[in-house]
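Peer 1: Residue numbers for the sequence shown follow our numbering, beginning at 1237 and rising by one.
Using N, Cα and C, we set each Cβ at its ideal position, and we do this for glycine too.
Please read all numbers here as calculations on a predicted model, not as lab measurements.
My questions will all concern the structure given below.
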Amino acid sequence: MRAEGSLASDRELASERSRPSSERSTKRQRSSESMTTRVQMLFETCREVFADGQAGNVPSPEDVDRLRFVLDNMNALDVGLAESMPYFRNIESGGTPPRITYLHLCECDNFSIGIFCFPPSGVIPLHNHPGMTVFSKLLFGSLHIKSYDWVDIPQDSNYAIIPAHSVQPPGVRLAKVKTDAIFTAPCETSVLYPADGGNMHRFSARTSCAVLDVLGPPYSDSEGRPCTYYNDFPLATFPAAAVVAPGEDEDYAWLEEREKPDDFIVVGARYRGPRIVES
1237 MRAEGSLASD
1247 RELASERSRP
1257 SSERSTKRQR
1267 SSESMTTRVQ
1277 MLFETCREVF
1287 ADGQAGNVPS
1297 PEDVDRLRFV
1307 LDNMNALDVG
1317 LAESMPYFRN
1327 IESGGTPPRI
1337 TYLHLCECDN
1347 FSIGIFCFPP
1357 SGVIPLHNHP
1367 GMTVFSKLLF
1377 GSLHIKSYDW
1387 VDIPQDSNYA
1397 IIPAHSVQPP
1407 GVRLAKVKTD
1417 AIFTAPCETS
1427 VLYPADGGNM
1437 HRFSARTSCA
1447 VLDVLGPPYS
1457 DSEGRPCTYY
1467 NDFPLATFPA
1477 AAVVAPGEDE
1487 DYAWLEEREK
1497 PDDFIVVGAR
1507 YRGPRIVES
């Protein structure tokens, strides 16, 4: 069988060489286009995982693992990024927070894919993801993430409790810290859900870094999924409003809605990595 395969290969090679150069070039181009890039694989997986497209509908654990696996195996080269690119340089002066660059890969009704490019000290303020499941993959660099989930006041003494005789302070809501840590690439993809997993989070770049984000479904003001920003205050800010188990004060905070910070600037730039074919 090997010999026959070898002879067949020789005949195919001779036949290929006899073809006009333009025809050989076209064949190579088609072969190259048929190769599935990791970005294309990500797109196809997102299309399957978020096929339902409804806000609040969480993908099955199997689908979450499947999409996370694709992202876990991606790096900056897969999306055409390098740390030497201008997106990752801090060119601001006078104490102005550095601008974040957003590279748009694709968006449809069911999901969106994009990349946030951070210079050192770049910050995306605390914000929410209403009715959304979000996958965030740190492609390179080091990033501090602090995230919260809302606390629905339970009757369990292991959680924060608002005493019956007090009133929750107006304009604020109790939240529990989900994550407060520094992540350095390579690391696993983080996932947040509509009601847990750290639905409100803040990204603070320790070094230049890039975050590949998948949102399902994407933000939409018209469909009731606007992006809301928050200030966070220590639990002790309103000492009479809530009590927690001893030593757990730092696990909780009060969140207050705010306008988008004036000094938070995101600029769009053209994505120049491997293209996505939306057939």
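From T1369 to A1489, what does the alpha carbon distance come to, in whole angstroms?
Peer 2: Against the sequence shown, residue 1369 aligns to sequence position 133. Against the sequence shown, residue 1489 aligns to sequence position 253. Their Cα atoms are separated by approximately 23 Å.
Peer 1: Is it right to say I1418 is buried, meaning 16 or more other beta carbons lie within 10 angstroms of its own, or is it exposed?
Peer 2: Working through the sequence shown from its first residue, we reach residue 1418 at position 182. It counts as exposed.
Peer 1: Determine the DSSP secondary structure at M1277, reduced to helix, strand or coil.
Peer 2: For the purposes of this step, residue 1277 is taken as residue 41 along the sequence shown, with counting starting at 1. Helix.
Peer 1: Which runs of the alpha helix (DSSP H), 4 residues or longer, sit entirely within the segment 1273-1318?
Peer 2: DSSP runs (the alpha helix (DSSP H)) wholly in the segment 1273-1318: 1274-1285 and 1297-1308.
Peer 1: What's the gap between the Cα of N1311 and the Cα of F1354?
Peer 2: The sequence position of residue 1311 within the sequence shown is 75, counting from 1. The sequence position of residue 1354 within the sequence shown is 118, counting from 1. Whole-angstrom Cα-Cα distance: 16 Å.
Peer 1: Kindly list the residues whose CB is nearer than 7 Å to the CB of T1262, restricted to its own chain and excluding five residues on each side of it in sequence; keep chain order.
Peer 2: Locating residue 1262 in the sequence shown gives position 26, counting from the first residue. Any answer about T1262 is weak, because its pLDDT of 44 lies below 50 and its placement is not dependable; what the coordinates show is given next. Taken in chain order, the list of residues that qualify is empty.
Peer 1: With DSSP collapsed to three states, give me the class of P1470.
Peer 2: For the purposes of this step, residue 1470 is taken as the residue at position 234 of the sequence shown. In the structure shown, P1470 sits in a strand (DSSP, three-state: E or B).
Peer 1: Just checking my contact of Y1465 with L1362 at CB under 8 Å: how many whole Å lie between their CB atoms?
Peer 2: Your numbering for residue 1465 matches position 229 in the sequence shown. Your numbering for residue 1362 matches position 126 in the sequence shown. Sure, about 7 Å apart at Cβ, within 8 Å.
Peer 1: Could you please give the first and the last residue of the uninterrupted beta strand (DSSP E) stretch that includes R1438?
Peer 2: Locating residue 1438 in the sequence shown gives position 202, where the first residue counts as 1. Note, R1438: beta strand (DSSP E), M1436 to A1441.
Peer 1: Figure out for me which residue from I1512, S1440 and C1342 has the closest Cα to the Cα of S1383.
Peer 2: Position 147 of the sequence shown, counted from the first residue, corresponds to residue 1383. The residue with the shortest Cα to Cα distance from S1383 is S1440.
Peer 1: At the level of alpha carbons, what is the spacing between D1498 and N1364?
Peer 2: Residue numbering aside, residue 1498 sits at position 262 when the sequence shown is read from its first letter. Residue numbering aside, residue 1364 sits at position 128 when the sequence shown is read from its first letter. If you take the alpha carbons of D1498 and N1364, they lie about 18 Å apart.
Peer 1: Considering only the alpha carbon of each residue, which of Y1455, P1406 and F1352 lies closest to A1291?
Peer 2: What you label residue 1291 is simply residue 55 of the sequence shown in a count that begins at 1. Considering only alpha carbons, the answer is Y1455.
Peer 1: Can you tell me which of the three DSSP states P1454 falls into?
Peer 2: The residue given as residue 1454 occupies position 218 in the sequence shown. Reduced to three states, the DSSP call for P1454 is coil.
Peer 1: So, at 7 Å on beta carbons, what are the nonlocal neighbours of T1420 in its own chain, with the 5 sequence-adjacent residues on each side left out?
Peer 2: On the sequence shown, position 184 is the one that residue 1420 refers to. So the qualifying residues of the chain are S1378.
Peer 1: Distance, Cα to Cα, Y1507 vs D1487?
Peer 2: Locating residue 1507 in the sequence shown gives position 271, counting from the first residue. Locating residue 1487 in the sequence shown gives position 251, counting from the first residue. Roughly 39 Å between the two C-alpha positions.
Peer 1: Which class does Y1323 belong to by DSSP, given the choice of helix, strand or coil?
Peer 2: Counting from 1 along the sequence shown, the entry for residue 1323 is found at position 87. Note: Y1323 maps to helix in three-state DSSP.
Peer 1: Are the CB atoms of A1411 and D1385 within a distance shorter than 9 Å?
Peer 2: Numbered from 1 along the sequence shown, position 149 holds the residue referred to as residue 1385. Numbered from 1 along the sequence shown, position 175 holds the residue referred to as residue 1411. Cβ distance < 9 Å, so D1385 and A1411 count as in contact.
Peer 1: Cβ atoms of G1509 and G1316: under 9 Å apart, would you say?
Peer 2: Here residue 1316 corresponds to residue number 80 of the sequence shown, with the count starting at 1. Here residue 1509 corresponds to residue number 273 of the sequence shown, with the count starting at 1. Closer than 9 Å, so yes.
Peer 1: Quick check on the DSSP output: the beta strand (DSSP E) that includes G1350 runs from which residue to which?
Peer 2: Counting from one through the sequence shown, the residue named residue 1350 turns up at place 114. Segment S1348 to F1354, the beta strand (DSSP E) holding G1350.
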